[in-house]
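Using this note's numbering, the first residue of the sequence shown is number 340, and each one after it goes up by one.
Working notes, structure below.
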Amino acid sequence: MEKIDKLDKQILEIISTNARIPFKDVAAECGVSRAAIHQRVQRLIDMKVIVGSGYHVHPGSLGYNTCTFVGIKLERGSMYKKVSEALTQIPEIVECHFTTGPYTMLIKLYARDNAHLMELLNDRIQEIPGVISTETLISLNQSIKKEVPIGAQRKEAVPTLDL
340 MEKIDKLDKQ ILEIISTNAR IPFKDVAAEC GVSRAAIHQR VQRLIDMKVI
390 VGSGYHVHPG SLGYNTCTFV GIKLERGSMY KKVSEALTQI PEIVECHFTT
440 GPYTMLIKLY ARDNAHLMEL LNDRIQEIPG VISTETLISL NQSIKKEVPI
490 GAQRKEAVPT LDL
């Protein structure tokens, strides 16, 4: 895999903050040509450093008001591929992870309300062959959502809370 240099990191910091910023503005901020930005961004896409692009739709605006994490235990870990294929057929599931710890899998889904959540759990997820149990955690509020740090890792003082 090719190396990511200082200019690549600078570009990534700018576009990860504002994906809709024109390349001419990125070029001006980085002190290089617009063509250089185009080439760098395309290279980062080809290297799969940049994965995906587009708009993020707030689920609540579409009536999906309940964000839920579900820990799933399987009969055997080797069933992961088949179960994840079945889970992809449920449109409300937006993430699925094969995990260590108490669950074989952890999924994130959005439901319209508690009745819809119960239907997803009882009639869809728990009916998948190999699923032996689920544990549901409802998110009351998302307080942090961000990308991983792009710039050089800095050691900074840990913030303290005055209580």
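The beta-carbon is built from N, C-alpha and C at its ideal position, and this holds for glycine as well.
8 Å CB neighbourhood of residue i in its chain, flanking five on each side removed
{"i": "Ile503", "result": "Shown here, the chain extends from 340 to 502; a query on residue 503 therefore has no answer."}
{"i": "Arg451", "result": "Gly402, Tyr403, Asn404, Thr405"}
Inter-residue Cα distance where the pair is residue i and residue j
{"i": "Thr505", "j": "Val422", "result": "Given that the chain is displayed from residue 340 to residue 502, the structure contains no residue 505 and the question cannot be resolved."}
{"i": "Ile389", "j": "Ala366", "result": "18 Å"}
{"i": "Val470", "j": "His455", "result": "19 Å"}
{"i": "Glu434", "j": "Val409", "result": "10 Å"}
{"i": "Ala374", "j": "Ser482", "result": "38 Å"}
{"i": "Val487", "j": "Thr405", "result": "25 Å"}
{"i": "Ile343", "j": "Gly490", "result": "11 Å"}
{"i": "Lys387", "j": "Ala358", "result": "16 Å"}
{"i": "Val396", "j": "Pro441", "result": "31 Å"}
{"i": "Asp364", "j": "Glu341", "result": "26 Å"}
{"i": "Gln378", "j": "Thr356", "result": "20 Å"}
{"i": "Phe362", "j": "Gly393", "result": "16 Å"}
Beta-ladder partner(s) of residue i, from DSSP
{"i": "Thr475", "result": "Val409"}
{"i": "Lys447", "result": "Phe408, Glu434"}
{"i": "Val294", "result": "As shown, the chain starts at 340 and ends at 502. That puts residue 294 outside it, with no answer to give."}
Selection from the options that minimises the alpha carbon distance to residue i
{"i": "Ile384", "options": "Leu401, Ile471, Asp347", "result": "Asp347"}
{"i": "Gly416", "options": "His377, Phe362, Met444", "result": "Met444"}
{"i": "Tyr403", "options": "Ser478, Asp364, Met386, Glu486", "result": "Ser478"}
{"i": "Thr439", "options": "Leu413, Arg463, Cys406", "result": "Leu413"}
{"i": "Arg463", "options": "Pro430, Arg451, Lys363, Met386", "result": "Pro430"}
{"i": "Ser372", "options": "Ile467, Asn453, Ile350, Gly393", "result": "Ile350"}
Residue range of the alpha helix (DSSP H) that includes residue i
{"i": "Val365", "result": "362-369"}
{"i": "Tyr419", "result": "419-426"}
{"i": "Asp347", "result": "345-356"}
{"i": "Leu456", "result": "453-458"}
{"i": "Asp462", "result": "Unbroken run through Asp462: none, as it is neither H nor E."}
{"i": "Arg481", "result": "For the sequence presented, residue 481 should be read as Gln rather than Arg. Per DSSP, Gln481 belongs to no alpha helix (DSSP H) and is neither H nor E."}
{"i": "Leu383", "result": "373-385"}
Beta-carbon contacts of residue i that lie in its chain and below 7 Å, excluding the five residues immediately before and after
{"i": "Gln465", "result": "Thr473"}
{"i": "Gln381", "result": "none"}
Contacting residues, own chain, Cβ-Cβ under 6 Å from residue i (five flanking each side not counted)
{"i": "Lys447", "result": "Phe408, Val433, Glu434"}
{"i": "Tyr419", "result": "Phe437"}
{"i": "Leu426", "result": "Ile432, Cys435"}
{"i": "Ile467", "result": "Val422, Ala425"}
Any non-hydrogen atom of the ligand ZN closer than 7 Å to residue i Cβ
{"i": "Cys435", "result": "Annotation note on the ligand ZN: not contained in the displayed structure, which lists no ligands."}
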